[in-house]
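Note that the protein sequences, when read in sequence, are chains H and S. So the first sequence is numbered by numbering that gives the first Met the number 0: it starts at 0 and just counts up by one. So the second sequence is numbered by numbering that gives the first Met the number 0: it starts at 0 and just counts up by one. All C-beta atoms in this analysis are idealised placements derived from N, C-alpha and C, irrespective of residue type, glycine included.
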Amino acid sequence: MKIAIASGKGGTGKTTISCALALAVPGEVTLLDCDVEEPNSHFFIQPTIERMEKTFSLVPEVDTEKCTGCGECARVCQFSAIISMGKKTMVFSELCHSCGACARICPEGAITEVEKKTGMLTVGKKGSIRFISGKLDVGQAMSPPVIRETLKYASEDGLTIVDCPPGTSCPYVTAVKGCDAALLVTEPTPFGLHDLKLAVDTIRELGIPFGVAVNRANGEKNPISEYCEAEGIPLLLQIPEDRRVAQAYSRGQALNKVMPELSDALVSIPEQLQKLAEGRPVHEGQGVLV
Amino acid sequence: MKELVIISGKGGTGKTSITASLAALAETSTLADCDVDAADLHLVLEPTIQTSETFTSGRAAEIRAADCTQCGLCEEVCRFDAIADFTVDPLSCEGCGACVEFCPVGAIDFPEQDCGVWNISTTRHGPMVHAHMNPGAENSGKLVSLVRQEARKMAAQQNSEFLLVDGPPGIGCPVIASITGADAVLVVSEPTLSGEHDLHRVLELAAHFKIPAMVCVNKWDINPVMTDRIEDLAKEFGAAPVGRIPYDAAVTAAQVNARALVEESAGEAAQAVRDMWSGICSKMH
């Protein structure tokens with residue numbers, strides 16, 4: 000089973016929960032850090048790094064000898080990544096989405112696709128955790144290609160946890176799509192509630208079953224729990240507001256260390272999400288400590 | 000007019016709360032919310048919308064079943080696994096048009112997509128341009144560019160001293176679209192290992208685009224040692240440390256009351272933000 004840990008708002012605790020889950024569940028687990036613009040899960044897992052792999056995207060290269068300047072490539076490109084001026088054809092690889100249409104349309108066979116480096120994958124291990132983290136090169140605009148490369152490491156039949164990027168647009172959709180269920184993480188503030196609603200709209204559009212986790216909860220009843228109740232969304236975890244958690248996070252210490260009492264609730268999350276994915280009822284409101 | 004973009008690398012460090020306070024402190028400013036994925040500035044500034052327009056950008060493929068001969072070429076040319084069983088999944092479609100171009104019977108339509116709406120509004124602290132993406136929509140970078148372009152026009156028209164831009168998290172396309180050509184960026188960091196790591200990347204990005212950077216540390220007292228490290232890192236990049244904001248429950252209280260921190264509180268955090276703003280003003284003039 001592949002589960003996404005996601006949120007609309009940034010900094011709500013996706014990485015905290017992804018890592019705590021990976022550390023808490025018994026048996027083999029694969030953790031994919033798909034927040035490739037700002038990956039942080041390595042701080043909390045501290046894996047032994049086995050290897051680094053470069054990620055590439057395909058971009059066009061024009062053979063000026065063969066190019067007749069017919070302009071077909073520029074016409075077919077939807078992203079203005081290749082333009083034709085008289086006999087000259089120019090490529091702007093940072094705008095290229097690697098669709099391959101220009102190479103396919105070129106009547107002279109003057110365009111070949113070449114690899115351009117977009118980022119780096121770190122592949123490692125920690126105990127029973129298989130760890131893969133994607134990292135976008137600074138200055139590269141598009142993160143989905145690196146996210147897709149990271150997702151290729153999902154376990155075939157075991158449990159995979161996907162630490163997703165924030166937001167609701169392409170990076171988030173790329174990471175969440177293909178997951179069997181998702182846990183949306185938020186905090187009980189007006190910003191947290193507003194962005195949760197956006198994340199819910201998007202995940203419903205994707206048709207992925209989901210539950211919610213509240214971080215920094217200052218009481219069992221809060222604006223998020225009320226919203227979830229009204230919407231019939233299962234609330235699977237509440238982590239209490241506690242300065243110790245913030246301090247431990249600042250040092251790269253996993254949540255499980257400061258709040259071992261959350262272990263049972265954490266271990267139950269994949270089971271709960273499995274039930275959601277199968278359309279069965281879940282047990283709600285675990286991990287509430289107030 | 001000086002354009003200051005508030006970014007963070009890491010999400011949830013306090014960009015929007017700080018932007019709202021700066022808006023309250025600036026004498027004349029125009030505001031832009033460029034975190035179009037998860038825009039929150041309106042929750043504090045409660046804008047009154049004056050004009051609202053649909054944002055269309057990009058296209059998505061749609062196969063007309065009646066004309067499709069099920070040859071399967073579209074599925075073969077699609078690099079984004081968006082086509083299965085002669086149907087396009089709109090959320091996976093990249094809008095590249097390869098299938099449209101190569102369909103031998105012309106059975107694929109390619110309509111423009113509504114990606115969201117953008118608004119020009121008035122607020123108690125000046126005019127504001129803000130937008131809302133549709134769930135799962137593409138092209139947030141283009142929407143960010145549009146919001147900034149309109150906000151610049153507005154700032155010029157109003158003769159605003161500052162254009163304050165609430166930016167998105169990360170370092171990818173919406174962030175690049177938010178900062179290119181700005182006068183300066185203010186990076187809101189936090190004193191954590193993740194904060195330090197993410198600050199490094201966002202300062203590299205600012206340096207890449209040659210944009211002067213300033214750095215403030217939010218909730219600095221959570222880890223004073225890390226705060227020193229963050230400020231040292233900022234200096235390495237030639238970015239000025241301009242403020243240390245302490246952890247203060249007044250920040251969340253202000254958000255709950257839809258007020259900027261400096262409007263709500265005379266406490267330590269609010270004072271730190273006021274001091275920071277004077278520092279920023281003298282650096283930008």
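Can you tell me the Cα-Cα spacing of residue i and residue j, whole angstroms?
{"i": "S:K141", "j": "H:S249", "result": "35 Å"}
{"i": "H:A153", "j": "H:L234", "result": "26 Å"}
{"i": "S:W219", "j": "H:L158", "result": "37 Å"}
{"i": "H:E277", "j": "S:K209", "result": "51 Å"}
{"i": "S:G169", "j": "S:G11", "result": "11 Å"}
{"i": "H:C66", "j": "H:G108", "result": "8 Å"}
{"i": "S:I17", "j": "H:V75", "result": "44 Å"}
{"i": "H:T88", "j": "H:V28", "result": "48 Å"}
{"i": "H:V287", "j": "H:P239", "result": "With a pLDDT of 48 at H:V287, under the threshold of 50, the predicted position of this residue should be treated as unreliable, and no value is reported."}
{"i": "S:E291", "j": "S:E235", "result": "Outside the displayed span of chain S (0 to 284) sits residue 291 of chain S, for which this structure offers no information."}
{"i": "H:K1", "j": "S:M0", "result": "49 Å"}
{"i": "H:T149", "j": "H:P259", "result": "30 Å"}
{"i": "S:G105", "j": "S:I62", "result": "9 Å"}
{"i": "S:L24", "j": "H:A212", "result": "35 Å"}
{"i": "H:E147", "j": "S:N256", "result": "This sequence places Arg at residue 147 of chain H; Glu is not what is there. About 41 Å."}
{"i": "S:I82", "j": "H:S142", "result": "22 Å"}
{"i": "H:Q237", "j": "H:L261", "result": "9 Å"}
{"i": "H:V61", "j": "H:C105", "result": "10 Å"}
{"i": "H:V289", "j": "H:N221", "result": "Low confidence applies here, because H:V289 scores a pLDDT of 35, under 50, leaving its location unreliable; read the following figure in that light. Between H:V289 and H:N221, the C-alpha separation is close to 12 Å."}
{"i": "H:E243", "j": "H:K115", "result": "According to the sequence displayed, residue 243 of chain H carries Arg and not Glu. Looking at the two C-alpha atoms, the distance is approximately 44 Å."}
{"i": "S:N138", "j": "S:P245", "result": "36 Å"}
{"i": "S:E263", "j": "H:E36", "result": "34 Å"}
{"i": "H:I16", "j": "S:D231", "result": "30 Å"}
{"i": "S:Q148", "j": "S:P134", "result": "23 Å"}
{"i": "S:A238", "j": "S:C280", "result": "15 Å"}
{"i": "S:G301", "j": "H:C72", "result": "Chain S is shown from 0 up to 284; residue 301 of chain S falls before or after that span and cannot be answered."}
{"i": "H:P216", "j": "S:N217", "result": "What sits at residue 216 of chain H in the sequence shown is Ala, not Pro. In a straight line, the C-alpha of H:A216 is about 20 Å away from that of S:N217."}
{"i": "S:A130", "j": "H:K124", "result": "42 Å"}
{"i": "S:E195", "j": "S:D66", "result": "56 Å"}
{"i": "H:K86", "j": "H:G70", "result": "9 Å"}
When you compare the CB positions of residue i and residue j, do they come within less than 8 Å of one another, or not?
{"i": "H:A174", "j": "H:V184", "result": "no"}
{"i": "S:P190", "j": "S:I221", "result": "yes"}
{"i": "S:G115", "j": "S:F54", "result": "yes"}
{"i": "H:E112", "j": "H:A102", "result": "yes"}
{"i": "S:D165", "j": "S:T15", "result": "yes"}
{"i": "S:M283", "j": "S:C215", "result": "no"}
{"i": "H:P59", "j": "H:C33", "result": "no"}
{"i": "S:A150", "j": "S:V128", "result": "yes"}
{"i": "H:G191", "j": "H:T11", "result": "yes"}
{"i": "S:L185", "j": "S:M213", "result": "yes"}
{"i": "S:L21", "j": "S:L163", "result": "yes"}
{"i": "S:P171", "j": "H:L135", "result": "The amino acid occupying residue 171 of chain S in the given sequence is Gly; Pro does not appear at that position. In contact: S:G171 and H:L135 (Cβ atoms closer than 8 Å)."}
{"i": "H:C163", "j": "H:A3", "result": "yes"}
{"i": "H:S271", "j": "H:G210", "result": "The sequence shown places Gln at residue 271 of chain H, not Ser. Against a cut-off of 8 Å, the Cβ pair of H:G210 and H:Q271 comes out as a contact."}
{"i": "H:C178", "j": "H:I207", "result": "yes"}
Inset, instruction - Select from the stretch 238-267 of chain H all residues with a C-beta closer than 9 Å to any C-beta belonging to chain S, and list them in chain order. - result: Result list: R242, A245, Q246, Y248, S249, R250, G251.
Legend entry - In chain order, each beta strand (DSSP E) run of at least 3 residues that lies wholly inside the stretch 195-245 of chain H: If you keep only unbroken beta strand (DSSP E) runs of at least 3 residues inside the stretch 195-245 of chain H, you get 209-216, 234-239.
Inset, instruction - Decide yes or no for the touch test of the stretch 122-138 of chain H against the stretch 14-32 of chain H: beta carbon pairs closer than 8 Å, at least 3 of them. - result: In short, these stretches touch, since the Cβ pair count reaches three.
Inset, instruction - Output, in sequence order along the chain, the residues in the stretch 156-169 of chain H whose CB is closer than 8 Å to any CB in chain S. - result: Identification of residues in the stretch 156-169 of chain H having a C-beta nearer than 8 Å to some C-beta of chain S yields P164, P165, G166, T167, S168, C169, given in sequence order.
Inset, instruction - Output, in sequence order along the chain, the residues in the stretch 188-203 of chain H whose CB is closer than 7 Å to any CB in chain S. - result: When C-beta distances to chain S are compared with 7 Å, the residues of the stretch 188-203 of chain H below that value are T188, P189, F190, H193, D194, L197, D200, T201, in chain order.
Inset, instruction - Give, in chain order, every residue of the stretch 184-205 of chain S whose Cβ lies closer than 7 Å to some Cβ of chain H. - result: Taking 7 Å as the upper bound on Cβ-Cβ separation, chain H lies near residues P190, T191, L192, S193, H196, D197, R200, E203, L204 of the stretch 184-205 of chain S.
Inset, instruction - Tell me, please, whether the stretch 249-262 of chain H touches the stretch 36-56 of chain H by the rule of three or more beta-carbon pairs shorter than 8 Å. - result: With the cut-off at 8 Å, the stretch 249-262 of chain H and the stretch 36-56 of chain H touch.
Inset, instruction - Residues of the stretch 156-176 of chain S with a CB closer than 9 Å to any CB of chain H: list them in chain order, please. - result: The stretch 156-176 of chain S vs chain H, Cβ under 9 Å: P167, P168, G169, I170, G171, C172, P173, V174, I175, A176.
Legend entry - Inter-stretch contact (C-beta, 8 Å, three-pair minimum) for the stretch 5-16 of chain H and the stretch 178-195 of chain H: Taking 8 Å as the limit for Cβ pairs, the verdict is that the stretch 178-195 of chain H does touch the stretch 5-16 of chain H.
Inset, instruction - Answer yes if the stretch 258-278 of chain S comes into contact with the stretch 28-42 of chain S, meaning at least three C-beta pairs across the two stretches below 8 Å, and no otherwise. - result: Contact between the stretch 28-42 of chain S and the stretch 258-278 of chain S is absent: fewer than three C-beta pairs spanning the two stretches fall below 8 Å.
Inset, instruction - Below 8 Å between beta carbons is the criterion; list the residues of the stretch 2-17 of chain H that meet it against any residue of chain S, in chain order. - result: Those residues of the stretch 2-17 of chain H that come within reach of chain S (Cβ to Cβ, closer than 8 Å) are G7, K8, G9, G10, T11, T14.
Legend entry - Residues from the stretch 29-42 of chain H in contact with chain S, defined by Cβ distance under 7 Å: Against chain S - using a Cβ distance shorter than 7 Å - the residues of the stretch 29-42 of chain H are E36, E37, N39, F42.
Legend entry - the stretch 42-49 of chain S contacting the stretch 64-73 of chain S, beta-carbon criterion three pairs below 8 Å: Proximity of the stretch 42-49 of chain S to the stretch 64-73 of chain S falls short of the contact definition, fewer than three beta-carbon pairs being nearer than 8 Å.
Inset, instruction - Could I get the ranges of all uninterrupted beta strand (DSSP E) runs contained in the stretch 62-99 of chain S, with 3 residues as the minimum, in chain order? - result: Counting whole runs of 3 or more residues, the stretch 62-99 of chain S contains no beta strand (DSSP E) stretch at all.
Legend entry - Residue ranges of each beta strand (DSSP E) within the stretch 120-161 of chain H, 3 or longer: The stretch 120-161 of chain H contains these whole beta strand (DSSP E) runs: 128-135.
Inset, instruction - Could you please tell me which residues of the stretch 92-114 of chain S, in chain order, have their CB closer than 8 Å to any CB of chain H? - result: Listed in sequence order: E93, G94, C95, G96, A97, E100, F101.
Inset, instruction - Select from the stretch 217-234 of chain S all residues with a C-beta closer than 7 Å to any C-beta belonging to chain H, and list them in chain order. - result: Within the stretch 217-234 of chain S, contact with chain H at the beta-carbon level (separation under 7 Å) is assigned to I221, N222, M225.
Inset, instruction - Mind checking the stretch 32-55 of chain S against chain H and listing, in chain order, the residues whose C-beta falls within less than 7 Å of any C-beta there? - result: Here the close residues are D36, A37, D39, L42.
Legend entry - Contiguous beta strand (DSSP E) assignments of at least 3 residues, all confined to the stretch 101-187 of chain S: Within the stretch 101-187 of chain S, the runs of beta strand (DSSP E) at least 3 residues long that lie entirely inside it are, in chain order, 111-122, 125-132, 161-165.
Inset, instruction - Jot down the residue ranges of each uninterrupted beta strand (DSSP E) in the stretch 0-70 of chain S, minimum 3 residues, whole runs only, in chain order. - result: Listed in chain order, they are 1-6, 28-32, 47-58.
Inset, instruction - Return the residues of the stretch 73-90 of chain H that lie within a Cβ-Cβ distance of less than 7 Å from chain S, sorted by chain order. - result: Those residues of the stretch 73-90 of chain H that come within reach of chain S (Cβ to Cβ, closer than 7 Å) are V75, Q77.
Inset, instruction - Would you list, in chain order, the members of the stretch 99-133 of chain H that have their beta-carbon closer than 9 Å to a beta-carbon of chain S? - result: So the close ones are G99, A100, R103, I104.
Legend entry - Secondary structure, alpha helix (DSSP H): runs of 4+ residues fully inside the stretch 188-263 of chain S: The stretch 188-263 of chain S contains these whole alpha helix (DSSP H) runs: 192-207, 223-235, 249-255, 260-263.
Inset, instruction - Check each residue of the stretch 250-264 of chain S: if its Cβ is closer than 8 Å to any Cβ of chain H, include it; give the result in chain order. - result: Taking a C-beta cut-off of 8 Å against chain H, the contacting residues of the stretch 250-264 of chain S are T251, Q254, V255, A257, listed in chain order.
Legend entry - Whole beta strand (DSSP E) elements within the stretch 21-75 of chain H, 3-residue minimum: Listed in chain order, the complete beta strand (DSSP E) runs (minimum 3 residues) inside the stretch 21-75 of chain H are 28-32, 47-61.
Legend entry - Chain-ordered residues of the stretch 61-95 of chain S with a beta carbon less than 8 Å from chain H: Those residues of the stretch 61-95 of chain S that come within reach of chain H (Cβ to Cβ, closer than 8 Å) are V76, R78, F79, L90, S91, E93, G94, C95.
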